[in-house]
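See below for the structure under consideration.
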Amino acid sequence: MAIINNIKAVTDALDCAMQRDPNVIVFGEDVGTEGGVFRATQGLAVKFGNDRCFNAPISEAMFAGVGLGMAMNGMKPVVEMQFEGLGLASLQNIFTNISRMRNRTRGKYTAPMVIRMPMGGGIRALEHHSEALEAVYAHIPGVQIVCPSTPYDTKGLILAAIDSPDPVIVVEPTKLYRAFKQEVPDEHYIVPIGEGYKIQEGNDLTVVTYGAQTVDCQKAIALLKETHPNATIDLIDLRSIKPWDKKMVIESVKKTGRLLVVHEAVKSFSVSAEIIATVNEECFEYIKAPLSRCTGYDVITPFDRGEGYFQVNPKKVLVKMQELLDFKF
Numbered sequence: 001m002a003i004i005n006n007i008k009a010v011t012d013a014l015d016c017a018m019q020r021d022p023n024v025i026v027f028g029e030d031v032g033t034e035g036g037v038f039r040a041t042q043g044l045a046v047k048f049g050n051d052r053c054f055n056a057p058i059s060e061a062m063f064a065g066v067g068l069g070m071a072m073n074g075m076k077p078v079v080e081m082q083f084e085g086l087g088l089a090s091l092q093n094i095f096t097n098i099s100r101m102r103n104r105t106r107g108k109y110t111a112p113m114v115i116r117m118p119m120g121g122g123i124r125a126l127e128h129h130s131e132a133l134e135a136v137y138a139h140i141p142g143v144q145i146v147c148p149s150t151p152y153d154t155k156g157l158i159l160a161a162i163d164s165p166d167p168v169i170v171v172e173p174t175k176l177y178r179a180f181k182q183e184v185p186d187e188h189y190i191v192p193i194g195e196g197y198k199i200q201e202g203n204d205l206t207v208v209t210y211g212a213q214t215v216d217c218q219k220a221i222a223l224l225k226e227t228h229p230n231a232t233i234d235l236i237d238l239r240s241i242k243p244w245d246k247k248m249v250i251e252s253v254k255k256t257g258r259l260l261v262v263h264e265a266v267k268s269f270s271v272s273a274e275i276i277a278t279v280n281e282e283c284f285e286y287i288k289a290p291l292s293r294c295t296g297y298d299v300i301t302p303f304d305r306g307e308g309y310f311q312v313n314p315k316k317v318l319v320k321m322q323e324l325l326d327f328k329f
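Residue 131 in full-length UniProt numbering is what sits at position 131 of the sequence shown, and the numbering runs on without skipping anything.
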């Protein structure tokens, strides 16, 4: 066991996978000897050689296309997009080729590849370096999306993604890369894709979140004790955005009768919209208050001076929780 942060968990996951399987290849912008912009691949080129961890030209569309070609020919590429917003340049390949290869060839060819994308704000960066666009990618059939929030989940979900026979996009909250440390096993293990994690049990309100907002929600719950000392919260970290753990969420809402979905991405046509629509279909007779959400605003991610107004924070989450707990039909 080692006590590590999220960025080291990424490195350890890639190291572990590359040791186990010589077909695992890592490439992207500056990921070679430089170790990537966040140093997630630091030391891998030295350890495994430049033929297994190497730099690629600045062309995200090319990253995706070359990765698909590798995957179709028996390799297991792990492609790093420097930021999620920059990954939009690869969308054509993801949408029209990577996601469809299994179906298009009736299983003759598959795309067992991983695309890593640092995402979200909180690091005072420009718009394409701070966006949360997971819902854009989640709309594509044939692609899985995961978003770890802890070092344990980061390593386990990346290893699960590499083991998957189909393409997986791993979105990694940059705000959490060095935020805290956790004890993580040295050996290979996986966190199953599609399984959420119950951070804490409660009976009065279900809060569903993922990524950096798991921390915001825990802070908001602590603040809630001042105004609602007897309220208990069911806090769920989705971990997987697609597929998401419908069973866990639905069972929780049937118990609490209230739902708040929290994420930093914009509100409209979002992950929260999908979750709320599903819960409305499955749990309507159990609902005690309007299904609600706390999200980013429907605007372009602002420059760093406006970031604090745009981003979700514990106080915003707290206000939403108080509204739901106080609501009466």
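Idealized CB from N, CA, C, for every residue including glycine.
What you are looking at is a predicted structure, and each value in this text was computed from that prediction instead of being measured.
At what residues does the beta strand (DSSP E) containing residue i begin and finish?
{"i": "E264", "result": "259-266"}
{"i": "E183", "result": "181-184"}
{"i": "E187", "result": "Taken as a continuous stretch (DSSP letters only), E187 belongs to no beta strand (DSSP E), as it is neither H nor E."}
{"i": "R116", "result": "114-119"}
Which word fits residue i, buried or exposed, when buried means at least 16 other C-beta atoms lie within 10 angstroms of its C-beta?
{"i": "Y2", "result": "According to the sequence displayed, residue 2 carries Ala and not Tyr. With fewer than 16 other Cβ atoms within 10 Å, it is exposed."}
{"i": "N6", "result": "buried"}
{"i": "D298", "result": "exposed"}
{"i": "Y309", "result": "exposed"}
{"i": "S268", "result": "exposed"}
{"i": "P57", "result": "exposed"}
{"i": "Q82", "result": "buried"}
{"i": "A277", "result": "exposed"}
Closest to residue i by CA distance: which of the options is it?
{"i": "F303", "options": "S99, L126, V37", "result": "L126"}
{"i": "K255", "options": "T41, A161, N203, I236", "result": "N203"}
{"i": "K108", "options": "E134, Q144, P165", "result": "P165"}
{"i": "A265", "options": "A161, S130, K219, T206", "result": "S130"}
{"i": "V168", "options": "G306, A56, F95", "result": "F95"}
{"i": "T227", "options": "R106, G196, K320", "result": "K320"}
{"i": "T206", "options": "I4, Y189, I190, Q322", "result": "Q322"}
For residue i, which residues in the same chain have their Cβ closer than 7 Å to its Cβ, ignoring the five residues on either side in sequence?
{"i": "P287", "result": "A small fix is needed here, since residue 287 is Ile in this sequence, not Pro. So the list reads G257, once near-sequence residues are dropped."}
{"i": "L86", "result": "E60, H128"}
{"i": "P141", "result": "S99"}
{"i": "residue 358", "result": "Because the chain is modelled from 1 through 329, residue 358 falls outside the range shown and cannot be assessed."}
With residue i as the anchor, note down where its alpha helix (DSSP H) starts and where it stops.
{"i": "D204", "result": "Where D204 is concerned, there is no enclosing alpha helix (DSSP H), given that its DSSP letter is neither H nor E."}
Excluding the 5 residues flanking residue i on each side, which residues of the same chain have their C-beta closer than 6 Å to its C-beta?
{"i": "R293", "result": "V261, S272"}
{"i": "K155", "result": "A9, D12, A13, V184"}
{"i": "I123", "result": "T174"}
Excluding sequence positions up to five away, which residues of its chain have a Cβ less than 8 Å from the Cβ of residue i?
{"i": "F284", "result": "none"}
{"i": "K246", "result": "T278, E282"}
{"i": "P192", "result": "A160"}
When you measure from the CB of residue i to every non-hydrogen atom of the ligand ATP, does any distance come out below 6 Å?
{"i": "N103", "result": "No copy of the ligand ATP appears in this structure; indeed no ligand is present at all."}
Query - Touch test, the stretch 172-183 against the stretch 150-163, Cβ-Cβ under 8 Å, three pairs minimum - result: yes
Query - Segment contact flag, the stretch 35-45 with the stretch 206-214, C-beta cutoff 8 Å, min 3 pairs - result: Counting C-beta pairs with one atom in each stretch, the stretch 35-45 and the stretch 206-214 have fewer than three that are closer than 8 Å, which means they do not touch.
Report task. Assess, as a yes-or-no matter, whether the stretch 27-37 is touched by the stretch 70-81 under the definition of 3 or more beta carbon pairs within less than 8 Å. Result -> yes
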